[in-house]
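One structure is given below, encoded as structure tokens.
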Amino acid sequence: MNKIFEVPLYAYERSSDQDAATAVRHKVIVIGAGPVGLATAIDLAQQGVEVVVLDDNDKVSFGSRAICFSQRTLDIADRLGAGSPMVDKGVQWNVGKVFFDNRQVYEFNLQPDTGYANPAFINLQQYYFENALVDRVRQLQAAGAPIEIRGRNKVEAIGTHDSHVVLEVETPEGPYNVEADWLIACDGANSPTRRMLGLDFDGRVFEDNFLIADVVMEADFPTERWFWFDPPFNRGQSALLHKQPDNVWRIDLQLGWDIDKEREKRPENVIPRLKAMLGEDVDFDLEWVSIYTFQCRRMERFRHGRVLFAGDSAHQVSPFGAMGANSGIQDADNLCWKLKLVLDGKAPEILLDSYSRERVQAADANIAKSSRSTDFITPKSQISRLLRDAVLDLSEHFEFARPLVNSGRLSTPCTYQDSSLSSADALNGPDITRPGSACPDAPLGDEFLLPKLAGKFTLLTIDAGAPERIEEGGVEATRLALSVKDDLTLELKRRYLGDATGAVYLIRPDQHVAARRDTFEENAFRQAIRRATGKE
Amino acid sequence: MADLILTPNLDSADDFYAGLLAAHDGLDKSASDALNARLVLVLANHIGDADVLTQAVKAAALRGS
Numbered sequence: 001m002n003k004i005f006e007v008p009l010y011a012y013e014r015s016s017d018q019d020a021a022t023a024v025r026h027k028v029i030v031i032g033a034g035p036v037g038l039a040t041a042i043d044l045a046q047q048g049v050e051v052v053v054l055d056d057n058d059k060v061s062f063g064s065r066a067i068c069f070s071q072r073t074l075d076i077a078d079r080l081g082a083g084s085p086m087v088d089k090g091v092q093w094n095v096g097k098v099f100f101d102n103r104q105v106y107e108f109n110l111q112p113d114t115g116y117a118n119p120a121f122i123n124l125q126q127y128y129f130e131n132a133l134v135d136r137v138r139q140l141q142a143a144g145a146p147i148e149i150r151g152r153n154k155v156e157a158i159g160t161h162d163s164h165v166v167l168e169v170e171t172p173e174g175p176y177n178v179e180a181d182w183l184i185a186c187d188g189a190n191s192p193t194r195r196m197l198g199l200d201f202d203g204r205v206f207e208d209n210f211l212i213a214d215v216v217m218e219a220d221f222p223t224e225r226w227f228w229f230d231p232p233f234n235r236g237q238s239a240l241l242h243k244q245p246d247n248v249w250r251i252d253l254q255l256g257w258d259i260d261k262e263r264e265k266r267p268e269n270v271i272p273r274l275k276a277m278l279g280e281d282v283d284f285d286l287e288w289v290s291i292y293t294f295q296c297r298r299m300e301r302f303r304h305g306r307v308l309f310a311g312d313s314a315h316q317v318s319p320f321g322a323m324g325a326n327s328g329i330q331d332a333d334n335l336c337w338k339l340k341l342v343l344d345g346k347a348p349e350i351l352l353d354s355y356s357r358e359r360v361q362a363a364d365a366n367i368a369k370s371s372r373s374t375d376f377i378t379p380k381s382q383i384s385r386l387l388r389d390a391v392l393d394l395s396e397h398f399e400f401a402r403p404l405v406n407s408g409r410l411s412t413p414c415t416y417q418d419s420s421l422s423s424a425d426a427l428n429g430p431d432i433t434r435p436g437s438a439c440p441d442a443p444l445g446d447e448f449l450l451p452k453l454a455g456k457f458t459l460l461t462i463d464a465g466a467p468e469r470i471e472e473g474g475v476e477a478t479r480l481a482l483s484v485k486d487d488l489t490l491e492l493k494r495r496y497l498g499d500a501t502g503a504v505y506l507i508r509p510d511q512h513v514a515a516r517r518d519t520f521e522e523n524a525f526r527q528a529i530r531r532a533t534g535k536e
Numbered sequence: 001m002a003d004l005i006l007t008p009n010l011d012s013a014d015d016f017y018a019g020l021l022a023a024h025d026g027l028d029k030s031a032s033d034a035l036n037a038r039l040v041l042v043l044a045n046h047i048g049d050a051d052v053l054t055q056a057v058k059a060a061a062l063r064g065s
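Okay, structure coming up:
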């Protein structure tokens, strides 16, 4: 049987661009059909922006790669019309076990949070995630949306100009030239775009290698996350076992920096380690093995004229905490509405610089988190190891030490608190919804809040008055009028009002809070719209 | 902001000190270091207050004249 990642999903087809006498100009070209490139293209196409995705391959990613998708990513995927197949296919787990040396130190059971449409996270192979996005692209195409994926179209050269970019693209039938008003590079950590433009990728904090294996087990092995610190089968390093759909288990073995990659990848070296982890009597098949090398670093800025970088091409972190693909999807989420406004002439080009600033802030937060996890997982000094071991030893006996155990902190959305797009907080409300925050979901009877906030500026009023719509400089905000009575569980009140009796929120198309006040004041909200669109 | 107590506050200073030494009886250097590390973490959790802990770290970092 063919695996999903072995079937060409966007096979090469000749485009009329290849027969044009002069290079055809597109609105937006996205390089890379990974999770971030596909999400970007869908987001733009849904807003009516013409977009072409170029990928040097014709299949979804090989092997599981990114496997943990956070609630924020699933909320964004819902907005993109691709969330439910991911959640349906994904695995949710609650029980985790932490091992230290040769023993289990504790076990935890995460109670699912209530009052959110999506789970806190799901485990899902990257190829299924990409497949759901490709299906969505096909759906949009069937509905006439201006979106196209060109497989086996490899960008070989890029010419940048003030008003556009020119690409030289290699195909199985020879090269052609094509142009775009805007180029979005989603071509991964080794981004050829970045290299061709001679751009930096600095700020290396640390580097490491991981042996990553997908293992198929038919045995009724439990659906749990197991994490080992300094186990006998991987001394001085860490190991992780995680459940994925289809009886596939993902195993990450940290290897350190100075290793022989080819030697580590050989089955005769991999299999004994896996037997030591899983137990000698467990039957398994090795589906995929790879060495993942990473460095913690980012580009200085994510916008260079008409070229924008999103996902791993712009920033790279350790795999602890699943911050790679998740933060890339949030890049797309942040960028697309801004680009749409700029393309429509409703916002100045400098709005795109706020994309860089906001997402640089997010990348820095992820790199800092990643550094702390690494300090805990691989202590760099004697005292660091002493304290780490003390935490793990205490965690076996006392609950208080368990929050100190750091095997990676799960990706959380960045709050753009000091962003030039956010207005000063004018509500005595909860911290989680202060300006800059990603809106948390809340139940509304049989429905949920977030789908009602998608893709446009919204004036969310909760027990407060406001006009049904206001327009400022061509940008429209429409009202969503709610009352605390719409949610009998009171999560809406807890998350958006706190002690306030009413509130008015201005919410960006990416569901981040731009401004909030206790009552509607026209001038304040007009100014907030101008700020949120780069006009103040 | 809560203040770190830096005036005498132990119920029985000599007994506490003797107890601390006794806990290290028979331990080699690395086992003793590990005990101290665990003790710091247990006490820190009991205090909890981030301001007080920051002041405590500063106070401990202060060295002879």
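Those protein sequence lines, which keep their order, are chains G and X.
Its first residue numbered 1, the first sequence is counted upward by one per residue in UniProt numbering.
Its first residue numbered 1, the second sequence is counted upward by one per residue in UniProt numbering.
All residues carry an ideal CB built from backbone N, CA and C; glycine is no exception.
Note that the coordinates shown come from a computational prediction; the quantities given were computed from them, not determined experimentally.
- Neighbours of Asn45 of chain X in chain G, taken as residues at a C-beta separation under 7 Å, are given in chain order as Phe400.
- Under the 9 Å criterion on CB atoms, Leu27 of chain X is classed as non-interfacial with respect to chain G.
- The residue among G:Ala66, G:Gln511, G:Phe309 and G:Val317 with its C-alpha nearest the C-alpha of Phe457 of chain G is G:Gln511.
- In this structure Asn209 of chain G is buried. Its beta-carbon is surrounded by 16 or more other beta-carbon atoms within 10 angstroms.
- Counting other Cβ atoms within 10 Å of its Cβ, Phe99 of chain G reaches 16 or more and is therefore classed as buried.
- Around the beta carbon of Tyr496 of chain G, 16 or more other beta carbons lie within 10 angstroms, which makes this residue buried.
- An exposed status is given to Arg14 of chain G, since fewer than 16 other beta-carbon atoms sit within 10 Å of its beta-carbon.
- For Ser70 of chain G, the enclosing beta strand (DSSP E) begins and ends at Cys68 to Ser70.
- Taking a contact to require three or more Cβ pairs closer than 8 Å, the segment 209-225 of chain G and the segment 288-303 of chain G qualify as touching.
- CA-to-CA, the gap between Pro175 of chain G and Lys27 of chain G works out to about 21 Å.
- Buried is the label assigned to Arg531 of chain G, since at least 16 other Cβ atoms lie within 10 Å of its Cβ.
- Scanning the segment 35-61 of chain G for uninterrupted alpha helix (DSSP H) segments of 4 residues or longer gives 35-46, listed from N- to C-terminal end.
- Short of 6 Å from the beta carbon of Met323 of chain G, and not among the five residues preceding or following it, lie these beta carbons of its own chain, in chain order: Val317, Asn366 and Ser411.
- Take the alpha-carbon of Ser163 of chain G and the one of Ile29 of chain G: they are about 14 Å apart.
- From the beta-carbon of Ala390 of chain G, the residues of chain X found nearer than 7 Å are Ala34, Ala37, Arg38 and Leu41.
- Closest in alpha carbon position to Leu339 of chain G, among G:Leu9, G:Glu107 and G:Leu183, is G:Leu183.
- DSSP places Tyr17 of chain X outside any beta strand (DSSP E); the residue lies instead in the alpha helix (DSSP H), whose first and last residues are Ala13 to Ala23.
- The contact set of Leu387 of chain G on chain X, defined by CB atoms closer than 9 Å, consists of Ala37, Val40 and Leu41 in chain order.
- The residue among G:Cys336, G:Arg357 and G:Leu341 with its C-alpha nearest the C-alpha of Phe302 of chain G is G:Arg357.
- Of the residues assessed, Trp257 of chain G falls on the exposed side of the cut-off, its CB having fewer than 16 other CB atoms within 10 angstroms.
- Judged by DSSP secondary structure, Thr458 of chain G falls outside any alpha helix (DSSP H) and instead within the beta strand (DSSP E) spanning Phe457 to Ile462.
- Less than 9 Å separates the beta-carbon of Glu287 of chain G from that of Val248 of chain G.
- When Cβ-Cβ separations below 9 Å define contact, Asp393 of chain G makes contact with chain X.
- Annotation: Asn190 of chain G to Asp200 of chain G spans about 12 Å, alpha carbon to alpha carbon.
- Under the three-state reduction of DSSP, Asn177 of chain G is assigned to strand.
- By the neighbour-count criterion, in which a residue is buried when 16 or more other Cβ atoms sit within 10 angstroms of its Cβ, Val95 of chain G is exposed.
- Counting only unbroken stretches of 3 or more residues, the beta strand (DSSP E) elements lying wholly within the segment 279-351 of chain G are 285-295 and 307-309, in sequence order.
- Residue range Gln382 to His397 is occupied by the alpha helix (DSSP H) that includes Ile383 of chain G.
- Of G:Ser373, G:Thr519, G:Lys265 and G:Leu197, the smallest CA-CA separation from Ala464 of chain G is found for G:Thr519.
- In the DSSP assignment, no residue is bridged to His161 of chain G.
- When Cβ pairs closer than 8 Å are counted between the two stretches, the segment 513-527 of chain G is seen not to touch the segment 367-384 of chain G, the count staying below three.
- Against chain X, the CB of Leu460 of chain G has no partner CB under 9 Å away; the residue lies outside that interface.
- When secondary structure is reduced to three states using DSSP, Gly256 of chain G falls in the coil class, being assigned neither helix nor strand.
- Among the bridge pairs identified by DSSP, Phe201 of chain G is matched with none.
- Residue environment for Leu6 of chain X: exposed (fewer than 16 other C-beta atoms within 10 angstroms of its C-beta).
- In the structure shown, Gln244 of chain G falls within a strand segment according to DSSP collapsed to helix, strand and coil.
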